[in-house]
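K.L.:
Number 272 in numbering that gives the first Met the number 0 belongs to position 273 of the sequence shown; there are no gaps in the numbering.
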Amino acid sequence: MTTTNHNPTPSPVEAIKSSSKGLRGTLAESLADAHTAGVREDDGQLIKLHGIYQQDDRELREERRRRKLEPAISFMIRVRLPGGVCTPAQWLAMDALADRYGNGTLKLTTRQTFELQGVIKEDLAATLQAMDRALLDSIAACGDVNRNVLCSAQPEHSRLHAQVHQCSVELSEHLLPKTQAYHEIFLGRERVAGGEPEHEPLYGPTYLPRKFKTVIAVPPYNDVDLYAHDLGFIAIADGDQLRGFNLAVGGGMGTSHGEPETFPRLADVIGFLPPERLLEVAETVVAIQRDFGDRSNRK
Numbered sequence: 000m001t002t003t004n005h006n007p008t009p010s011p012v013e014a015i016k017s018s019s020k021g022l023r024g025t026l027a028e029s030l031a032d033a034h035t036a037g038v039r040e041d042d043g044q045l046i047k048l049h050g051i052y053q054q055d056d057r058e059l060r061e062e063r064r065r066r067k068l069e070p071a072i073s074f075m076i077r078v079r080l081p082g083g084v085c086t087p088a089q090w091l092a093m094d095a096l097a098d099r100y101g102n103g104t105l106k107l108t109t110r111q112t113f114e115l116q117g118v119i120k121e122d123l124a125a126t127l128q129a130m131d132r133a134l135l136d137s138i139a140a141c142g143d144v145n146r147n148v149l150c151s152a153q154p155e156h157s158r159l160h161a162q163v164h165q166c167s168v169e170l171s172e173h174l175l176p177k178t179q180a181y182h183e184i185f186l187g188r189e190r191v192a193g194g195e196p197e198h199e200p201l202y203g204p205t206y207l208p209r210k211f212k213t214v215i216a217v218p219p220y221n222d223v224d225l226y227a228h229d230l231g232f233i234a235i236a237d238g239d240q241l242r243g244f245n246l247a248v249g250g251g252m253g254t255s256h257g258e259p260e261t262f263p264r265l266a267d268v269i270g271f272l273p274p275e276r277l278l279e280v281a282e283t284v285v286a287i288q289r290d291f292g293d294r295s296n297r298k
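1) Are the region 200-216 and the region 3-22 in contact at 8 angstroms, needing three or more beta carbon pairs?
2) Short of 7 angstroms in beta carbon distance, which residues of its chain neighbour Arg39, apart from the five on each side in sequence? Order them along the chain.
3) Would you decide whether Phe244 is buried or exposed? Buried here means 16 or more other CB atoms lie within 10 Å of its CB.
4) Measuring alpha carbon to alpha carbon, tell me which of Leu59, Ser73 and Phe113 ends up nearest Lys67.
5) Can you give me the Cβ contacts of Leu22 inside the same chain, cut-off strictly under 6 angstroms, excluding the 5 residues immediately before and after it?
6) Looking only at DSSP bridge pairs, what is Phe244 linked to?
7) Can you tell me the Cα-Cα spacing of Ile305 and Met75, whole angstroms?
8) Does the pairing of the region 143-163 with the region 98-106 give three or more beta-carbon distances under 8 angstroms?
9) Looking at C-alpha atoms only, which residue of His228, Gln116, Phe291 and Gly43 is the closest neighbour of Gly266?
10) Looking only at C-alpha atoms, which of Leu225, Gly82 and Ser19 sits nearest to Val163?
11) Checking 8 angstroms against the spacing of the C-beta atoms, do Leu33 and Glu69 come in under that value?
12) Roughly how many angstroms lie between the CA atoms of Thr126 and Ser137, to the nearest whole one?
13) Assuming Gly251 contacts Pro263 under a Cβ cut-off of 8 angstroms, what Cβ separation, rounded to an integer in Å, is found between them?
14) What span of residues does the alpha helix (DSSP H) with Phe291 cover, start to end?
15) Bridge partners for Asp55 per DSSP, in chain order?
16) For Tyr220, count the other beta carbons within 10 Å of its own beta carbon; 16 or more makes it buried, fewer makes it exposed. Which is it?
17) Using CA atoms only, rank isn't needed, just tell me which of Leu170, Asp41 and Pro87 is closest to Val285.
18) Going along the chain, which residues of its own chain have a beta-carbon closer than 7 angstroms to the beta-carbon of Ser18, five neighbours each way excluded?
19) For Pro176, count the other beta carbons within 10 Å of its own beta carbon; 16 or more makes it buried, fewer makes it exposed. Which is it?
20) Mind checking which residues open and close the beta strand (DSSP E) that includes Gln44?
21) Considering only C-alpha positions, which residue in the set Glu61, Leu115, Lys298 and Ala236 is nearest to Ser255?
22) Fully enclosed by the region 89-144, which beta strand (DSSP E) runs are 3 residues long or longer?
23) Suppose contacts are defined by Cβ-Cβ distances below 8 angstroms. Is Glu121 in contact with Arg77 by that definition?
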């Protein structure tokens with residue numbers, strides 16, 4: 000027999016987010032600490048919301064443990080790239096950064112973006128500044144926020160794809176956190192006078208309970224796997240003219256062995272919306288997840 004706890008204790012990550020002063024935490028101090036190749040434990044959670052993961056080389060773990068050395072730590076940077084579209088110049092810029100600051104490779108992901116692997120701590124700011132000059136960033140590419148927005152690729156319908164891709168860009172921009180922490184910590188921008196953290200009108204101080212993924216599909220293709228995502232928009236077109244979207248919500252493939260409350264689920268199609276209501280509807284669905292999502296179980 001099992002019982003349901005109607006007042007579960009929030010996970011420790013919730014306290015880290017709520018006390019982070021707009022995702023700043025002590026990241027600046029962690030990045031400046033030359034005594035370690037990594038960041039502090041709490042900052043390791045916050046840096047994810049800036050699109051960065053701290054990692055270590057598993058092949059060297061045991062050897063370094065025997066030698067009483069810390070793990071061989073490096074960082075992965077995931078690019079925010081709505082619809083998976085980049086210019087040739089941006090691709091070449093990322094390729095050069097992989098050689099200069101990474102391990103010489105670009106990892107293409109199943110969610111229409113790419114990752115830089117093997118960046119060391121002291122090169123993080125320089126890497127992100129170079130990305131900024133190429134008009135790229137990693138904001139919200141990881142962590143408890145809306146992630147990279149996917150969009151069907153339809154080269155044979157370029158006019159329709161241009162409209163739908165623009166929707167993915169607008170969704171990505173609209174659902175970004177409002178904090179300027181990324182710009183201050185990594186790009187060296189000055190903090191606004193007064194020093195108070197920015198108000199997050201959508202996310203609030205604790206952001207989302209878990210990652211949130213949004214896609215746009217253009218029938219007859221489902222190359223973005225729409226029903227496996229939290230929020231999906233099915234484009235309805237008249238020829239090459241976008242007329243609106245059917246809305247799908249509640250999908251996800253996350254499951255943990257031995258955790259019966261975790262299970263994969265296909266999204267439900269619940270209605271139609273015209274293009275001008277896209278951002279309003281997306282924000283409403285995200286707010287429902289913000290307010291009613293499980294903040295205790297991160298499985």
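Virtual Cβ for every residue (Gly too), placed ideally from N, Cα, C.
P.N.:
The relevant details are as follows:
1) yes
2) Thr25 and Ser29
3) buried
4) Leu59
5) Leu45, Leu48, Thr178 and Ala180
6) Ala234 and Leu272
7) Residue 305 falls outside the range modelled here, since the chain spans only 0 to 298, and no answer is possible.
8) no
9) A quick correction: the sequence has Ala, not Gly, at residue 266. It is His228.
10) Gly82
11) For the record, residue 33 in the displayed sequence is Ala; it is not Leu. No, Cβ-Cβ distance for Ala33 and Glu69 is not below 8 angstroms.
12) 11 angstroms
13) 7 angstroms
14) Leu277 to Phe291
15) Ile72
16) exposed
17) Leu170
18) none
19) buried
20) Not the beta strand (DSSP E): Gln44 falls in the alpha helix (DSSP H), residues Glu40 to Leu45.
21) Lys298
22) 105-107 and 113-118
23) no
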